[in-house]
Amino acid sequence: MLLNEMLLIDRIKVNVEAKGWEEAIDIGGNLLIDQALIEKSYIEAVKQTLRSLGPYIVLAPGIAISHSRPENGVHKTCMSLIQLKEPVEFGHDTNDPVKVIFTLATTDKEAHLQSLRQLMSLMMVSEDLEVLFTAKDVDDIIEVINKHS
C-alpha cells in the first residue's frame, strides 16, 4: 500500500492540543476508530505496551509511530497523523519532545511495508519533514505525502 493510500486527508489533523502522550495517542487513534478501521482495544494495547516497554515508538527527534499487533483490533490497514500544537514528552532520552504522531494499524506483517519505506524517505528530506512539524493546513501535509508516494 502506498503512503497516500493509507494516510488520507480525513485522517490528518494539525495544531492538535493534547495534555500528554496518552491523550495524544487517543486523539490519533480516534481518527481511525471513528471510521471503524480499528477498535478502541487497539489504542489501549498501544498505551499498555508503552507503559511496559517505554517509549520505543519515538523513532526520531519529534516523531512517534504508534502501533500494536493486528489481533488487537485492526479491521483495515490504515494510518493517521496528528501534529501537536505543543509537543509532548514520552520519556525518550534523545528524541523527546514529540510533535508529530503517526498511528499505524495493519492487518498483517507486510501490507504496510511500502508505505513505511515511503515515510522513511520523507523523513530523510529535512524540508519535507519540517512541513510535518510546521504546516498550518492539512493540504500542505498531503502535498508532501503525495510527493513521497
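1201 is the number of the first residue of the sequence shown in our numbering; add one for each residue after it. From the three backbone atoms N, C-alpha and C, an ideal C-beta is built for every residue, glycine too.
By a C-beta neighbour count over all protein chains shown, 10 Å radius and 16 as the cutoff for buried, is residue i buried or exposed?
i: Lys-1299; result: buried
i: Val-1325; result: exposed
i: Leu-1253; result: exposed
i: Thr-1277; result: buried
i: Met-1279; result: buried
Sorted by chain position, which residues of the same chain lie with C-beta nearer than 7 angstroms to residue i's C-beta, five sequence neighbours on each side aside?
i: Pro-1270; result: Thr-1306, Thr-1307 and Asp-1308
i: Lys-1285; result: Asn-1215, Val-1216 and Glu-1217
i: Thr-1249; result: Ser-1268
Measure the C-alpha to C-alpha separation of residue i and residue j and round it to an integer number of angstroms.
i: Leu-1237; j: Leu-1304; result: 11 angstroms
i: Glu-1222; j: Asn-1346; result: 29 angstroms
i: Glu-1330; j: Ile-1342; result: 13 angstroms
i: Ile-1227; j: Ile-1282; result: 8 angstroms
i: Ser-1321; j: Val-1288; result: 24 angstroms
Could you name the residues of the same chain whose beta carbon sits closer than 8 angstroms to that of residue i, not counting the 5 residues immediately before and after it, in chain order?
i: Val-1338; result: Ile-1209, Ile-1212, Lys-1213 and Val-1214
i: Ser-1241; result: Asn-1272 and Gly-1273
i: Met-1201; result: Thr-1277, Ala-1311, His-1312, Gln-1314 and Ser-1315
i: Gln-1318; result: Leu-1202, Leu-1203, His-1348 and Ser-1349
For residue i, list the residues DSSP reports as bridge partners.
i: Ile-1301; result: Ala-1264 and Ile-1282
i: Val-1274; result: Ile-1238
i: Val-1246; result: Paired residue(s): none; Val-1246 is not in a bridge.
Starting from residue i and walking both ways along the beta strand (DSSP E), at which residues does that stretch end?
i: Ile-1212; result: 1212 to 1216
State yes or no: is the beta carbon of residue i nearer than 7 angstroms to at least one beta carbon in chain D?
i: Ile-1212; result: Checking the listed chains, one finds no chain D in this structure; it contains a single protein chain.
Taking the alpha helix (DSSP H) that residue i belongs to, which residues open and close that run?
i: Asp-1293; result: Note, Asp-1293: premise wrong, no alpha helix (DSSP H); not H, not E.
i: Thr-1334; result: 1326 to 1334
i: Gly-1229; result: 1221 to 1233
i: Glu-1205; result: 1203 to 1206
i: Ile-1345; result: 1338 to 1347
i: Arg-1269; result: Taken as a continuous stretch (DSSP letters only), Arg-1269 belongs to no alpha helix (DSSP H), as it is neither H nor E.
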